[in-house]
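**Student:**
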Amino acid sequence: MEATSSSSSLLNGLNSGVVLSLIAVLWTVVWQNLQRLQLQTLVGRHMNRHARRLAALVDPYLSVTIHEYEGGRMKRSAAYEEVKAYLSASSARDVRHLRAEGAKDADKLVLSMVDGEEVSDVVAADDSTDVTVWWCAYSTPPPRTDGGGYYGWGGGGRAQENRRYYRLFFLDRHRELVINTYLPSIRRQGRAVMVQNRQRKLFTNISTHNWSDVDGLVRSAWSHVVFEHPKTFDTLAMDPAKKKEIMDDLDMFKNGKDYYARVGKAWKRGYLLHGPPGTGKSAMIAAMANYLDYDIYDIELTSVHSNTDLRKLFIETTSKSIIVIEDIDCSLDLTGARKKKKEAADDDGGGSKDGGAPPKPDMKKDASSKVTLSGLLNFIDGLWSACGGERLIVFTTNHVKKLDPALIRRGRMDKHIEMSYCCFEAFKFLAKTYLDVDSHRLFAAVDELLSEVDMTPADVAENLTPKSLDDNADTCLAALVKELEKAKENKSKGKNAHGEDKDEDEDEEDDDVEVVEKDKVFAL
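Taking full-length UniProt numbering, I'd label the letters of the sequence shown as residues 1 to 524.
1. Would you mind stating whether residue 406 and residue 437 have Cβ atoms separated by less than 8 Å?
2. Whole-angstrom Cβ separation of residue 435 and residue 464, contact assumed at under 8 Å?
3. For residue 466 and residue 286, I'd like the C-alpha separation in whole angstroms.
4. How would you label residue 234, buried or exposed, when you count the other beta carbons within 10 angstroms and need 16 or more for buried?
5. For the candidate residues 412, 431, 395, whose alpha-carbon lies nearest to that of residue 419?
6. With burial defined as no fewer than 16 other Cβ atoms inside 10 Å of the residue's Cβ, what is the status of residue 252: buried or exposed?
7. Tell me the rounded alpha-carbon separation between residue 461 and residue 319.
8. Identify whether residue 100 lies in helix, strand or coil by the three-state DSSP scheme.
9. Taking the beta strand (DSSP E) that residue 394 falls in, what are its first and last residues?
10. When we look at the beta-carbon of residue 97 and count the other beta-carbons within 10 Å, is it buried (16 or more) or exposed?
11. Am I right that residue 168 and residue 123 are in contact with their C-beta atoms under 8 Å? What's the rounded C-beta distance?
12. Given that a residue counts as buried once 16 or more other Cβ atoms are within 10 Å of its Cβ, and exposed if not, what is residue 432?
13. Quick check: the stretch 240-257 against the stretch 378-388, are at least 3 beta-carbon pairs closer than 8 Å?
14. Report the three-state DSSP secondary structure of residue 384 (helix, strand or coil).
15. What's the gap between the Cα of residue 480 and the Cα of residue 323?
16. Roughly how far, in whole angstroms, is the beta-carbon of residue 398 from the beta-carbon of residue 329, given that I think they are within contact range, below 8 Å?
17. Taking 8 Å as the limit between beta carbons, can you name the residues of its chain near residue 455, skipping five residues before and five after?
18. If I'm right that residue 165 touches residue 182 with Cβ under 8 Å, what's the distance once you round it to whole angstroms?
19. With DSSP collapsed to three states, give me the class of residue 412.
20. Within this structure, are the beta carbons of residue 275 and residue 414 separated by less than 8 Å?
21. Distance, Cα to Cα, residue 114 vs residue 237?
22. From the DSSP output, read off the bridge partner residues of residue 112.
23. With residue 322 as the anchor, note down where its beta strand (DSSP E) starts and where it stops.
24. Grab the span of the beta strand (DSSP E) containing residue 482 for me, first residue to last.
25. Do you know how far the Cα of residue 331 is from the Cα of residue 403?
26. Quick one: Cα of residue 68 to Cα of residue 327, how far?
27. Tell me the DSSP bridge mates of residue 268?
28. Helix, strand or coil for residue 375? Go by DSSP, reduced to three states.
29. Per DSSP, what are the beta-bridge partners of residue 202 in this structure?
30. Taking the Cβ atom as the reference point for each residue, do residue 109 and residue 91 lie within a distance shorter than 8 Å?
31. Since residue 167 is in the alpha helix (DSSP H), which residue starts that stretch and which ends it?
32. To the nearest angstrom, report how far apart residue 277 and residue 457 are at their CA atoms.
33. Does the pairing of the stretch 198-207 with the stretch 288-308 give three or more beta-carbon distances under 8 Å?
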């Protein structure tokens, strides 16, 4: 028994010794590795410093890369466009392979380098010596959607744009001159060239289902054509006092950068154009764009899948632009007071199958679009609305009473402009424009009839337009008087201007419209 106890004690002692020995060995190994790692780190840092110095002796050139997109490809880089504009002259002179784009002058082209080309530039240093730098154009293909490296096609077989960038090379000893003097200078000169060559554009959004889903936006969410609409305020049939008021308001906005910064507001302004069809709402937008020299971004809300996509569209717009949503009452279910929506749903019993009214035919429905009123409100005046500046946001509608009050309150739609039926002053302007007459024996009849019936400027203009070589002021004015008399007769019979029975929408519109004569605007 005593021998067994002694053996157990010996065994326990041996096991404890083995464990302690193992711990000691492990600690020694760890400690040695830690010391070796610290030594390697110190040596590595020391060697890296010497390696960089050696590399500077072998290759004394530094580089600055300017990508086409910034912020995770959410926003096109202004610096890239400025460099591209600056290099256009030297590219046309020295580069063998060029990319051509349309210019403001229809007979000219704006040229830039294609990928792989190089152009040199000269910088004047403080000691009057010339310093040479080099610009190179590059691009890389987008990543493949299957994660297999790089490839030129996205999901669904859609071609994706390469990621373009410029790289500037210069000697290390010229670092301060290039960064502090040269680069700011070429950005200023590039902006001046962009203004000189700028073509105003009319943009429309691409359906979000056709956007690539690789690393954000790999191509622009907008497509465009050159904006060539001829309408100006000089040719806009409008009350002169109201026209001047609108032009003064636009001038104050365009020159209001310091004012908006001082009061702490984003440099944007909202316009609501409302009135019956044919009263010149689209013509007003064109006149505003031509007056301000702005681009137009025309958003089709039914092509926007979500609030996030709407935000991306806004980020890709540029300054000096008008963002337009036409017929907003027909775009999505954004109309009416929110408090009434549940009541309407309850009354309809979930749809027309239980006796509720069917959807109105003028409402464009897109089941894939999930843009909400909240998302649209944030688009107008949320935090993202301050990304960039000098933008007008314009909504148009034929039924202002149907819009949610939160959408059109001041601060979102700052200026409301009613586009109404033609008055005699607007008629005289149209007669002068279309027929070159200041007075006529039929003017009195037109004046009397316009005070009794409603006719849009578009209908008046159509009647004043010569239809053949035999037409003149007499025949055109006679045709207008005939149409006005016909409209008067239809009105007395309870019909609309086209001789058709009024539908419920027209009766509702007649009940809702409250016209204040001094605020009327007539535009075409």
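Yeah, the Cβ is synthetic: ideal placement off N, Cα and C, and Gly gets one too.
This one's a predicted model, so the numbers in the text were calculated from it and none came from an experiment.
**Tutor:** Taking the definition as stated:
1. Contact check for residue 406 against residue 437 fails: the beta carbons are separated by 8 Å or more.
2. 6 Å
3. 24 Å
4. With fewer than 16 other Cβ atoms inside 10 Å of its own Cβ, residue 234 counts as exposed.
5. Measuring from the Cα of residue 419, the nearest candidate turns out to be 395.
6. exposed
7. 35 Å
8. strand
9. Judged by DSSP secondary structure, residue 394 falls within the beta strand (DSSP E) whose first and last residues are 391-397.
10. Looking at its Cβ environment, which holds fewer than 16 other Cβ atoms inside 10 Å, residue 97 is exposed.
11. In fact, because the Cβ distance is near 11 Å, the residues do not count as touching under 8 Å.
12. exposed
13. The stretch 378-388 is not in contact with the stretch 240-257.
14. Looking at residue 384 - three-state DSSP - the assignment turns out to be helix.
15. Answer to the nearest angstrom: the Cα atoms are 36 Å apart.
16. Contact annotation, residue 398 with residue 329: C-beta distance approximately 7 Å; criterion of less than 8 Å satisfied.
17. 421, 422, 483, 484, 487, 497
18. Going by Cβ atoms, the distance from residue 165 to residue 182 rounds to 18 Å, so no, they are not a contact pair.
19. coil
20. Taking 8 Å as the Cβ cut-off, residue 275 and residue 414 do not qualify as a contacting pair.
21. 48 Å
22. 99
23. 321-325
24. Here residue 482 belongs to no beta strand (DSSP E); instead the alpha helix (DSSP H) covers 473-492.
25. 11 Å
26. 34 Å
27. 391
28. helix
29. For residue 202, the pairing in a beta bridge is given by DSSP as 225, 296.
30. It is not a contact, given that the beta carbons lie outside the stated cut-off.
31. Residue range 163-171 is occupied by the beta strand (DSSP E) that includes residue 167, with no alpha helix (DSSP H) assigned at that position.
32. Approximately 10 Å between the Cα atoms of the pair.
33. yes
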